[in-house]
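A.B. asks: Numbering (our numbering), first residue to last: 24 to 241. Built from N, CA and C at the ideal position, the CB exists for glycine as well. Can you keep this structure in mind? I'll have questions shortly.
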């Protein structure tokens, strides 16, 4: 199977079986999603969704969060991973939004990455989800699923993975494909024991075809 055929098959399957896919983080506006994505680093979306209602009720805008102390923010996110660092990021991010961007979340990856706590992955999430830009955020799920299926080859970093995926996925589908791969990795192509027998991508998956299918024939 050529790479072109693999991509075409995977995309066709997702378009038929997962026509709608979106972030599982709860948010109402760009600022709320930015807060949630910063908190989601090495933390589950489920945990983040438990934390954000009270946090954002107290600090619903960049102006109000910027005016809070780091310790005040920390009280709302203690059960999150790395709460001390993230409290500092949230305050610093809010201060920069107010000071440099008029209290608005930037619509481009370059400016987004200037914000404290915002790396390329987070910037790509905001660009794709809020602004529907062809940005591919690569987290552990996307990295793993793309490698297993065979969508990437010898990609050793998230950036290499991102570049290979963007090269082969139609531009208009990239924001959607980001969610396809994340959700597939979260619920089907899980890290330790992928649920290959119930996966609809078996016919296109390099991992299944080269490993599990051969084992079944023995």
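#1: Determine the direct distance from the alpha carbon of residue 62 to that of residue 103, and round the result to whole angstroms.
#2: Compute the Euclidean distance between the alpha carbons of residue 231 and residue 221, then round it to the nearest angstrom.
#3: Roughly how many angstroms lie between the CA atoms of residue 241 and residue 223, to the nearest whole one?
#4: Are at least three pairs of beta-carbons, each pair with one atom in the segment 36–43 and one in the segment 119–137, less than 8 Å apart?
#5: Where are the alpha helix (DSSP H) runs, 4 residues long or more, that stay fully inside the segment 59–102, in chain order?
#6: Determine whether the beta carbon atoms of residue 97 and residue 80 lie at a separation below 7 Å.
#7: Nearest-angstrom Cα distance between residue 70 and residue 191?
#8: Pick from 166, 183 and 177: whose alpha carbon is nearest that of residue 201?
#9: Return the residue from the list 44, 144, 67 and 126 that minimises the CA-CA distance to residue 52.
#10: What are the complete alpha helix (DSSP H) segments, minimum 4 residues, inside the segment 120–153?
#11: Which residues in the same chain as residue 146 place their Cβ atom closer than 6 Å to its Cβ, once the five residues preceding and following it in sequence are excluded?
#12: Would you kindly report the start and end of the unbroken alpha helix (DSSP H) that includes residue 34?
#13: Excluding the 5 residues preceding and the 5 following residue 56 in the sequence, name in chain order all residues of the same chain whose CB lies nearer than 7 Å to its CB.
#14: Which value, in whole angstroms, describes the spacing of the CA atoms of residue 216 and residue 208?
#15: Excluding sequence positions up to five away, which residues of its chain have a Cβ less than 6 Å from the Cβ of residue 141?
#16: For residue 31, which residues from the same chain have a beta carbon less than 8 Å from its beta carbon, with the 5 sequence-adjacent residues on both sides left out?
#17: Going along the chain, which residues of its own chain have a beta-carbon closer than 6 Å to the beta-carbon of residue 129, five neighbours each way excluded?
#18: Can you name the start and end residues of the alpha helix (DSSP H) that residue 208 belongs to?
#19: Taking residue 181 and residue 144 to be in contact with their CB atoms under 8 Å, please state how far apart those CB atoms are, rounded to whole angstroms.
#20: Since residue 84 contacts residue 59 with CB under 8 Å, what's their CB separation in whole angstroms?
C.D. replies: With the structure as the only source:
#1: 7 Å
#2: 12 Å
#3: With a pLDDT of only 49 at residue 241, under 50, the local geometry of the prediction cannot be trusted, and the value read off the model is given with reservation. Their backbone Cα atoms lie some 23 Å apart in a straight line.
#4: no
#5: 68–81, 85–90 and 93–97
#6: no
#7: 33 Å
#8: 166
#9: 126
#10: 132–135 and 143–152
#11: 132, 135 and 136
#12: 26–40
#13: 48, 50, 149, 152 and 153
#14: 11 Å
#15: 135
#16: none
#17: 135
#18: 197–210
#19: 7 Å
#20: Residue 84 to residue 59, Cβ: 15 Å. No contact.
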